[in-house]
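The structure under discussion appears below in the form of structure tokens.
See below:
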């Protein structure tokens with residue numbers, strides 16, 4: 001399965017990715033960004049947008 | 001600790017949430033503001049510039065607790081290093097502020113007016129009755145509580161999850177949002193009295209680099225870029241910019257910030273039954289410079305005034321709340337729509353065109369560009385060069 005992964009060392013929890021996700025799959029949590037596997041379609045928009053380059057699309 | 005029922009519940013204690021809270025509490029209605037983070041105003045996602053005209057529009061006086069630096073002018077650099085400098089004729093026209101102090105100051109204003117503000121209170125979902133919003137579920141001290149509200153106002157910033165839960169589509173297209181990264185730096189060589197902006201497609205594709213001084217040798221140094229122009233993440237452009245400048249490269253980094261700035265995607269409809277959206281969540285940001293404090297506050301106040309009326313009239317239906325759509329579009333929306341067109345033209349400039357523009361620009365013109373009156377001025381300048389006619393057509 002293809003999934004979105006956030007590098008917690010790079011993520012500043014600005015939550016902008018949550019705002020651009022067309023599938024409301026992302027949620028800002030205390031420890032970072034959480035991705036709902038049911039909703040995520042791996043479109044990669046969050047990865048393209050992330051100001052810190054903290055998001056990658058990975059194969060699980 | 002908090003009551004079970006309020007007239008209005010506001011989600012988010014930034015400038016838009018506090019603006020709405022002040023407008024509602026003023027009328028004697030019972031208001032609760034819930035802030036997810038542990039401290040209002042932090043971490044900042046902002047360059048911290050605040051113009052005097054914005055302060056006037058917000059109806060706030062300068063307070064030494066949050067002013068860091070007076071700004072007497074600005075310098076805008078073209079890609080080839082040529083620049084336009086402008087010093088304001090009637091003294092300083094703005095300040096660089098300390099957001100974490102400023103936002104608390106605004107929240108205090110809301111409290112003084114009669115609102116209740118609670119931080120580290122995360123709204124986990126909306127409560128609904130017959131499909132209509134009737135309150136929120138909030139987590140405070142690791143405990144979930146249900147609180148009823150006749151109206152819920154979403155002031156939850158760029159992530160804007162609450163509005164989407166209410167059925168209003170606030171999702172931002174990548175073309176409508178700037179990705180920003182910023183360092184608050186110390187021990188750097190800067191012009192500490194003016195703000196500086198650098199334009200160019202290699203430096204900051206689709207956006208610009210800013211240096212906003214907070215002290216003699218301290219400043220917010222940041223960059224905003226936009227897809228599809230930008231090929232890398234914002235932080236890479238910021239590091240590049242700093243690396244090429246010895247006066248910055250030697251500096252210390254006091255804080256790292258990043259975030260998204262909505263510079264488009266205005267919404268015709270910002271309400272539904274018992275529910276309204278304000279601030280970044282409603283994309284209320286100046287599309288030219290990306291400043292959002294003033295727009296957020298003013299939009300919050302407009303929404304708050306309508307909410308207060310609705311409470312008084314005991315009618316919080318979508319039909320009633322639509323008055324906010326109408327008033328906001330009259331007051332701000334029309335101007336912002338023009339500015340968005342303007343931005344779309346500016347960001348399509350090639351580096352050569354930026355360089356050429358600087359020769360024909362006066363500082364005053366750039367001031368006008370951030371207002372809707374700059375439209376005519378830009379057309380006049382563009383019409384001096386036939387190859388720029390294509391941009392004029394886009395403006396029309």
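Residue numbers (my numbering), protein chains in the order written: chain A, 1 to 60; chain B, 1 to 396. Glycine included, each C-beta is placed from N, C-alpha and C at the ideal position. Because the structure is a prediction, the values reported are computed rather than measured.
Classification of residue i by the beta-carbon crowding that lies within 10 angstroms, buried from 16 upward
i	result
residue 31 (chain A)	exposed
residue 9 (chain A)	exposed
residue 13 (chain B)	buried
residue 99 (chain B)	buried
residue 343 (chain B)	buried
residue 63 (chain B)	exposed
residue 313 (chain B)	exposed
residue 38 (chain B)	exposed
residue 233 (chain B)	buried
residue 255 (chain B)	exposed
residue 393 (chain B)	exposed
residue 80 (chain B)	exposed
residue 330 (chain B)	exposed
residue 270 (chain B)	buried
Nonlocal neighbours in the same chain, by C-beta distance under 6 angstroms from residue i, ignoring five residues either side
i	result
residue 158 (chain B)	260, 280
residue 84 (chain B)	76, 358, 361, 363
residue 197 (chain B)	76, 208, 210
residue 397 (chain B)	Within the shown structure, residues of chain B are numbered from 1 to 396, placing residue 397 (chain B) beyond reach of any answer.
Beta-carbon proximity list for residue i, same chain, < 7 angstroms, skipping 5 on both sides
i	result
residue 11 (chain A)	32, 33, 52, 54
residue 51 (chain B)	93, 94
residue 97 (chain B)	48, 50, 66, 67, 68
residue 110 (chain B)	18, 21, 22, 25, 33, 117
Per-residue contacts from residue i into chain A (C-beta, under 8 angstroms)
i	result
residue 227 (chain B)	48, 49
residue 236 (chain B)	53
Partner residues on chain A for residue i, Cβ-Cβ distance less than 7 angstroms
i	result
residue 160 (chain B)	19
residue 233 (chain B)	50, 51, 52, 53
residue 287 (chain B)	Correct list: empty, because the minimum Cβ distance to chain A is about 16 angstroms.
Separation of residue j from residue i, as counted between CA atoms
i	j	result
residue 249 (chain B)	residue 243 (chain B)	5 angstroms
residue 336 (chain B)	residue 285 (chain B)	8 angstroms
residue 263 (chain B)	residue 45 (chain A)	17 angstroms
residue 114 (chain B)	residue 143 (chain B)	25 angstroms
residue 317 (chain B)	residue 124 (chain B)	24 angstroms
residue 299 (chain B)	residue 43 (chain A)	33 angstroms
residue 252 (chain B)	residue 238 (chain B)	14 angstroms
residue 35 (chain A)	residue 6 (chain A)	9 angstroms
Identified DSSP bridge partners for residue i
i	result
residue 41 (chain A)	The partner list for residue 41 (chain A) (beta bridge, DSSP) is empty, contrary to what the question assumes.
residue 233 (chain B)	DSSP lists no partner for residue 233 (chain B).
residue 139 (chain B)	B:122, B:144
residue 209 (chain B)	B:198, B:223
residue 398 (chain B)	Residue 398 (chain B) is absent from the model: chain B starts at 1 and stops at 396.
Contact set for residue i: own chain, Cβ-Cβ below 8 angstroms, skip 5 residues either direction
i	result
residue 82 (chain B)	355, 358, 359
residue 287 (chain B)	263, 264, 336, 339, 340, 342, 343
Partners in chain B for residue i, counting only beta-carbon separations shorter than 9 angstroms
i	result
residue 24 (chain A)	161, 164, 165, 171
residue 44 (chain A)	The contacting residues do not exist; residue 44 (chain A) stays about 11 angstroms from chain B at best.
Residues that residue i contacts on chain A, provided the C-beta gap is smaller than 9 angstroms
i	result
residue 309 (chain B)	Going along chain A, no residue has its Cβ under 9 angstroms from residue 309 (chain B), so there is no contact; the nearest lies around 30 angstroms.
residue 177 (chain B)	16, 19, 20, 49
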